[in-house]
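Chemist:
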Amino acid sequence: MPPMDYKNTVKVRVDSRFTDAELEKVQGAIKTWNEWSTPEFKRDFYEVEVTDITSGEEPNSISDCGFIGSSTGQFSIIRETSADRWKSMDLTSANPGVTVRCRAGEKLSKQVVIINPNYVNASQLQSVLLHELGHSTGLDHSCLQNGGRDDFAGCLKLADDHPYKKAVMYPVLSVFVNSQNGTSGPQIKEALQENDEGRAKCLYSVAPDLYD
47 MPPMDYKNTV KVRVDSRFTD AELEKVQGAI KTWNEWSTPE FKRDFYEVEV TDITSGEEPN
107 SISDCGFIGS STGQFSIIRE TSADRWKSMD LTSANPGVTV RCRAGEKLSK QVVIINPNYV
167 NASQLQSVLL HELGHSTGLD HSCLQNGGRD DFAGCLKLAD DHPYKKAVMY PVLSVFVNSQ
227 NGTSGPQIKE ALQENDEGRA KCLYSVAPDL YD
């Protein structure tokens, strides 16, 4: 995935239809990515603007790049709760979030993040948002869910403590896990891991070649 144009802080237009509790999770996920970017780039990656979103800003499918209102300097996080709309985009209840990224050659041209809070446990919403913001930053999954290939490791048979599996960008967030201290419940990933941070740093080491 191509990185964003890293030279300027990117405006994140957050859908005003998010509830106050959901908006707090959005802001928490953005804060986590900014806490990584500030020491790396001496500034925040993202700044938030809560605003009304028009229908034309949402793509009709995960491969549709005809949506409006996004550019390399900004993108939207849209709240979508219509089951029919979700299905029309070829998404299911197993996909509570999606990031649609479009490119012009090797550069990112525009992108949008869409979240369906109806399809995620409220306690996991910030984890989902942190993952989708990883995609908007330019990160792919930490491994391929259905096997691997020569240039992309597979997720199958990874130990629970493997860096790829611990990463925020691991492709699966479990609805129910048993922790080492004997408690159980939804899996929470609200902190970037070494794998996430290392891959992001590597990605942005090549950004000047794309956007200078």
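Taking the numbering used here, the leading residue of the sequence shown gets 47, the next gets one more, and so forth.
C-beta: ideal position from N, C-alpha, C; glycine also.
Treat the numbers as computed from the prediction; the structure is a model and nothing was measured.
1) Looking at the secondary structure, which residues open and close the beta strand (DSSP E) in which R125 lies?
2) Which residues does DSSP pair with V96 in a beta bridge?
3) Closest to V136 by CA distance: which of I108, P232, N167, P209 is it?
4) Using a Cβ-Cβ cutoff of less than 8 Å, which residues in the same chain neighbour T55 once the five nearest sequence positions on both sides are dropped?
5) In three-state DSSP terms, what is I76?
6) Assuming the contact rule is C-beta atoms closer than 8 Å, P48 and G184 should be a hit. Round their C-beta distance to whole Å, please.
7) So does the stretch 194-202 actually touch the stretch 153-170, counting three or more Cβ pairs closer than 8 Å?
8) Expressed to the nearest angstrom, what Euclidean distance is found between the alpha-carbon atoms of D207 and D197?
9) To test your reading of the DSSP string, which unbroken alpha helix (DSSP H) runs of 4 or more residues are found completely within the stretch 205-253?
10) Are D51 and T118 touching if we call contact CB-CB under 8 Å?
11) In the DSSP assignment, the alpha helix (DSSP H) including S134 goes from what residue to what residue?
12) Does the stretch 213-225 come close enough to the stretch 171-181 to have 3 or more Cβ pairs within less than 8 Å?
13) Note down the Cα distance separating D110 from H181, rounded to an integer number of angstroms.
14) Around the Cβ of V60, are there at least 16 other Cβ atoms within 10 angstroms (buried) or fewer (exposed)?
15) Is the beta carbon of I124 less than 8 Å from the beta carbon of V58?
16) Please report how far the alpha carbon of I114 lies from the alpha carbon of E81, in whole angstroms.
17) Should E243 and S173 be called a contact, given that it needs their Cβ atoms to be closer than 8 Å?
18) So S232 and S169 are supposed to be a Cβ contact under 8 Å. How far apart are they, rounded?
Modeler: Based on what the coordinates show:
1) On the sequence shown, residue 125 is found 79 positions in, with the first residue counted as 1. Per DSSP, R125 belongs to the beta strand (DSSP E) from 120-125.
2) Residue numbering aside, residue 96 sits at position 50 when the sequence shown is read from its first letter. BP columns for V96 point to V60.
3) The count along the sequence shown starts at 1 and reaches residue 136 at position 90. The sequence shown places Asp at residue 136, not Val. Residue I108 is the option with its Cα nearest to D136.
4) Counting from one through the sequence shown, the residue named residue 55 turns up at place 9. Excluding positions up to five away in sequence, the list reads R89, D90, F91, Y92, E93.
5) What you label residue 76 is simply residue 30 of the sequence shown in a count that begins at 1. DSSP places I76 in helix when its eight states are reduced to three.
6) Counting from one through the sequence shown, the residue named residue 48 turns up at place 2. Counting from one through the sequence shown, the residue named residue 184 turns up at place 138. Confirmed, about 6 Å.
7) Between the stretch 194-202 and the stretch 153-170, the count of Cβ pairs shorter than 8 Å is below three; the stretches do not touch.
8) Position 161 of the sequence shown, counting from 1, holds the residue named residue 207. Position 151 of the sequence shown, counting from 1, holds the residue named residue 197. About 22 Å.
9) Fully enclosed alpha helix (DSSP H) runs of 4 or longer: 209-212, 240-250.
10) Numbered from 1 along the sequence shown, position 5 holds the residue referred to as residue 51. Numbered from 1 along the sequence shown, position 72 holds the residue referred to as residue 118. Cβ atoms of D51 and T118: closer than 8 Å.
11) Here residue 134 refers to the residue found at position 88 when the sequence shown is read from its first residue. First-last of the alpha helix (DSSP H) with S134: 129-134.
12) The stretch 213-225 is in contact with the stretch 171-181.
13) As a first step, residue 110 is located in the sequence shown; it is residue number 64 there, counting from the start. As a first step, residue 181 is located in the sequence shown; it is residue number 135 there, counting from the start. About 17 Å.
14) Position 14 of the sequence shown, counted from the first residue, corresponds to residue 60. Classification of V60: buried, given that the 10 Å Cβ count is 16 or more.
15) Stepping through the sequence shown from its first residue, residue 124 is reached at position 78. Stepping through the sequence shown from its first residue, residue 58 is reached at position 12. Taking the C-beta atoms as reference points, V58 is found no nearer than 8 Å to I124.
16) Reading the sequence shown from its first residue, position 68 is the one you call residue 114. Reading the sequence shown from its first residue, position 35 is the one you call residue 81. The alpha-carbon atoms of I114 and E81 are separated by roughly 29 Å.
17) Residue 243 sits at position 197 when you count from the first residue of the sequence shown. Residue 173 sits at position 127 when you count from the first residue of the sequence shown. No, the Cβ-Cβ distance between E243 and S173 is not below 8 Å.
18) Position 186 of the sequence shown, counting from 1, holds the residue named residue 232. Position 123 of the sequence shown, counting from 1, holds the residue named residue 169. According to the sequence displayed, residue 232 carries Pro and not Ser. With a Cβ gap of about 5 Å, P232 and S169 count as contacting.
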